[in-house]
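When we follow our numbering, the leftmost residue of the sequence shown carries the number 259, and every step to the right adds one.
Glycine included, C-beta positions come from ideal geometry on N, C-alpha and C.
Quick caveat: nothing in here was measured; it's all calculated off a predicted structure.
A quick write-up on the structure given underneath.
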Amino acid sequence: MGLSSPNQLASLAVSGQSNIRILSQAIVEDGLFKYEGVTDFFGQVLVYISGQGVDGRPYSGTVKITVGPLTRQFSGVDQAVPENSGQHVFNLLPLMGLSRPDQIASLEVSSLSNSQILSQVVVVNGQLNYQGATDRFGQVVVSLAGRGVDGRPYTGTVTLMVSPLTRVLTLIEVTVEENSGQQSLNLVPFFRLSSGAGDLAEIRITANSNAELLSQFGVIDGQLIFLVNGDQFGTTNLQFQAEGNDGRPYMGEIAIHVTPITRTFTLPEQVLEENSNQVSLNLATSIPLSAGTTLVSSKVSSLSNSWLLEQITVENGILFIKPAKNQFGQIAAGLTALGSDGRPYTGTLNIIVSGTTLFAILADHIFQENQGEQVLSLDSARVDGQPIPIIWESAQSLAGAEKIHALALRNNHLVVMPAANSFGSIEIKLSGKSDSGRRVEGVLRIYIQSEIRKYVSPALVLAAGSPVRLHNILNFPGAPAYSNLQRFEILNIENESLLKTLSINQGTATLEPLHDAQGEVKIHFSGMTTDQLRFEGEFTVWVNTYRAWQLEYFSPSELGDESLRDTLWGEHADPDSDGWENYLEYCFGGNPSAREENPAGFPQMLGCVMAWHISMSISWFEPMIQTCY
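Okay, structure coming up:
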């Protein structure tokens, strides 16, 4: 207007405007044009202004105002989007502040985060149409840009929350045996993990049925670790929840089938006589049932040599057995049973139907004492007077077992090792079977004949003409007692002529030498005790001899020491150093232990010495002594 101050104007005002809805206010004050746009309106407005200066000059003009639109921002979130739920529609109009689709000139998706989660996304008539990719979940940010029919620009985002569906796994089953201890199961292969999802982040057991089957269980590094309780079986169901590293949840169930171990049993062997009556066996008390269980069912599952039995049945847990007529042999029966707890049992029963036992006659035999192992052929048995082939199977001592060191059967030969220094009778029971299979028994008597024991009694010195009664002439070490004698007899008497009488009765011997007897009498005897000990022996009687004189002055121990012959008790010894050797002391009645210068009987000494010199030509000293005497 070419003016410099407001006071140069007399008047100035808005006289009109185009597109009046754009501005809510348009005035001129003090030369200033003031205006305000209408809310949410934009566009170009021509404002007409007219007035008059103080100098009366008229003024008129126009002001062109362009109101540019603000870009409208909008955002939204769709949280209820499960994976694999098909196509979804999200209405964008309310977010944009619009009410009708025709208010939008254009609107499209400008960008997409996590594009792999959506298989389709498009805007149609102000609505976002999208569909999730198969087996995908997560957050997707959809960026949108467009313009209204009035030219207004729009930008916005829609956040889509595609939630994962919980995958329910097919029932996982595993079968183990009872008492199998700790077990492990790799659970990872059972999960259909999403591509690139990695391993499982966590597996949790949430419930357990039939808990008594397992004493412990847990998951470590994808491995189910569980411990089966002893003597328990059945099925336990473990429910679990899991989560992958990609956040996908899983749930499922594991069925652990603990199968019972079939318990085996062996029933006591049943021995029946042929043609015997029916017998019964209570299986409920014979089978080792678990505590608190009963026998539900039982049956005979297999049978060998069935023709040997007339009946073998099971009724209500009772096994009935009856042998067939005139049959014998061995039967193997297989049995199966089931307990009320579901445990199976299997067992065996051995049945022996024994034939009528035959009794064999075995001849007596004589073995020798201390002859080592001795063998006896057993092929000579007779039954009912006839020899029959018998296979002997066992030998058992009935009497006299202490006399046997070893007893055995070898190829139908009885091998006997008598105990050392044992004798007497032995009875052995033999058992076997004939060639027809009949049981055969017999008793064999064996007599162990003793070795002949040799005994020699100490010498007995008697004075001539003096009767002596000797009690128990066998009373010396190792000799049998007279009370155990079966027989006793004198075999021979040497120099019996020196005796007037000799009698032996019940172990007491009465001897009476002749009045003028001189010399040695040896009595040889033999006998046998009631337990079959055989013996022989001898006892010696010295009658008034040089030997008797020696025993008078020297002890038996001295006489038994040969080293003292030349110095003490020998014929030429002079123990008292009186010049009289022992044979001279004996001849003249001297004492070899006392010095004597003139022994008694000196007048006879010459004859004795002469006799001595005469006897030097013979080899036996004893006849010389007798001559000297």
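Supposed contact pair residue j and residue i - C-beta distance, whole angstroms, cut 8 Å
{"i": "Q490", "j": "V516", "result": "6 Å"}
{"i": "L402", "j": "V381", "result": "7 Å"}
{"i": "I731", "j": "F797", "result": "6 Å"}
{"i": "V339", "j": "V416", "result": "Wrong, their Cβ atoms sit about 11 Å apart, outside the cutoff."}
{"i": "A284", "j": "V312", "result": "Not really, about 24 Å apart at Cβ, beyond 8 Å."}
{"i": "F449", "j": "L443", "result": "Rounded, the Cβ-Cβ distance is 13 Å, inconsistent with contact."}
Alpha carbon of residue i to alpha carbon of residue j, nearest angstrom
{"i": "P526", "j": "I589", "result": "13 Å"}
{"i": "F498", "j": "Q397", "result": "27 Å"}
{"i": "L772", "j": "I762", "result": "18 Å"}
{"i": "Q389", "j": "I280", "result": "42 Å"}
{"i": "S890", "j": "R805", "result": "A query on residue 890 cannot be resolved here, the shown segment of the chain reaching from 259 to 887 and no further."}
{"i": "N608", "j": "I545", "result": "15 Å"}
{"i": "V399", "j": "L353", "result": "15 Å"}
{"i": "T428", "j": "V434", "result": "19 Å"}
{"i": "E905", "j": "N277", "result": "In this structure the chain extends from 259 to 887, so residue 905 is not present and cannot be described."}
{"i": "R405", "j": "V335", "result": "21 Å"}
{"i": "I710", "j": "F625", "result": "14 Å"}
{"i": "Q808", "j": "G848", "result": "12 Å"}
{"i": "M509", "j": "N387", "result": "32 Å"}
{"i": "E436", "j": "I519", "result": "6 Å"}
{"i": "L547", "j": "T494", "result": "23 Å"}
{"i": "A666", "j": "E631", "result": "11 Å"}
{"i": "K557", "j": "F586", "result": "23 Å"}
{"i": "A664", "j": "R745", "result": "31 Å"}
{"i": "S555", "j": "D637", "result": "51 Å"}
{"i": "F300", "j": "R330", "result": "13 Å"}
{"i": "G431", "j": "S559", "result": "Before going on, a small fix: residue 431 reads as Glu here, not Gly. Using only the alpha carbons, I get a separation of about 32 Å."}
{"i": "Q481", "j": "I514", "result": "14 Å"}
{"i": "G384", "j": "N503", "result": "37 Å"}
{"i": "V779", "j": "Y844", "result": "21 Å"}
{"i": "P894", "j": "G658", "result": "Residue 894 lies beyond the residue range present for the chain, which begins at 259 and ends at 887; the question has no answer from this structure."}
{"i": "G777", "j": "F681", "result": "39 Å"}
Classification of residue i by the beta-carbon crowding that lies within 10 angstroms, buried from 16 upward
{"i": "V714", "result": "exposed"}
{"i": "W565", "result": "exposed"}
{"i": "K583", "result": "exposed"}
{"i": "P645", "result": "exposed"}
{"i": "G550", "result": "exposed"}
{"i": "T787", "result": "buried"}
{"i": "R410", "result": "buried"}
{"i": "G690", "result": "buried"}
{"i": "F783", "result": "buried"}
{"i": "K661", "result": "buried"}
{"i": "S708", "result": "buried"}
{"i": "S262", "result": "exposed"}
{"i": "R727", "result": "exposed"}
{"i": "G605", "result": "buried"}
{"i": "R601", "result": "buried"}
{"i": "A858", "result": "Low per-residue confidence applies at A858: pLDDT is 47, beneath 50, and the placement is therefore not dependable, though the value from the model is reported in the following sentence. Flag for A858 reads exposed."}
{"i": "R506", "result": "buried"}
{"i": "G314", "result": "exposed"}
{"i": "I362", "result": "buried"}
Residues near residue i by beta carbon distance below 8 Å, same chain, minus five either side
{"i": "V286", "result": "L270, A271, V272, K292, I307, G309"}
{"i": "E460", "result": "A500, E501"}
{"i": "N628", "result": "P676, A678, N679, E709"}
Sequence-distant residues of the same chain with beta carbon closer than 6 Å to residue i, five excluded per side
{"i": "L496", "result": "I463, N466, I512"}
{"i": "L485", "result": "Q440, S473, Q474"}
{"i": "D832", "result": "E839"}
{"i": "A618", "result": "A639, V641, V698, G700"}
{"i": "I751", "result": "I781"}
{"i": "N265", "result": "none"}
{"i": "V616", "result": "The sequence given here has Leu at residue 616, not Val. Hits under 6 Å: V641, R696, V698."}
{"i": "Q654", "result": "K687"}
{"i": "L718", "result": "V799"}
{"i": "D819", "result": "none"}
Own chain, CB closer than 7 Å to residue i, minus 5 neighbours either side, in chain order
{"i": "A852", "result": "D834"}
{"i": "P581", "result": "L530, E532, N533, S534, L566, L567, E568, V611"}
{"i": "M259", "result": "Y317"}
{"i": "N342", "result": "G390, T392, D393, L423"}
{"i": "Q374", "result": "A391, R394"}
{"i": "G274", "result": "Y306"}
{"i": "T522", "result": "T604, G605"}
{"i": "S598", "result": "T551, T552, V554"}
{"i": "G319", "result": "I307"}
Counting Cβ pairs closer than 8 Å, one from the stretch 312–329 and one from the stretch 339–358, do we hit at least three?
No, the stretch 312–329 is not in contact with the stretch 339–358.
Say whether the stretch 698–710 touches the stretch 676–687, bearing in mind that this needs 3 or more beta-carbon pairs closer than 8 Å, one atom from each stretch.
Output reads yes: the stretch 676–687 touches the stretch 698–710.
State whether the stretch 569–583 contacts the stretch 479–490, with contact taken as three or more CB pairs (one from each stretch) at a distance under 8 Å.
Between the stretch 569–583 and the stretch 479–490, the count of Cβ pairs shorter than 8 Å is below three; the stretches do not touch.
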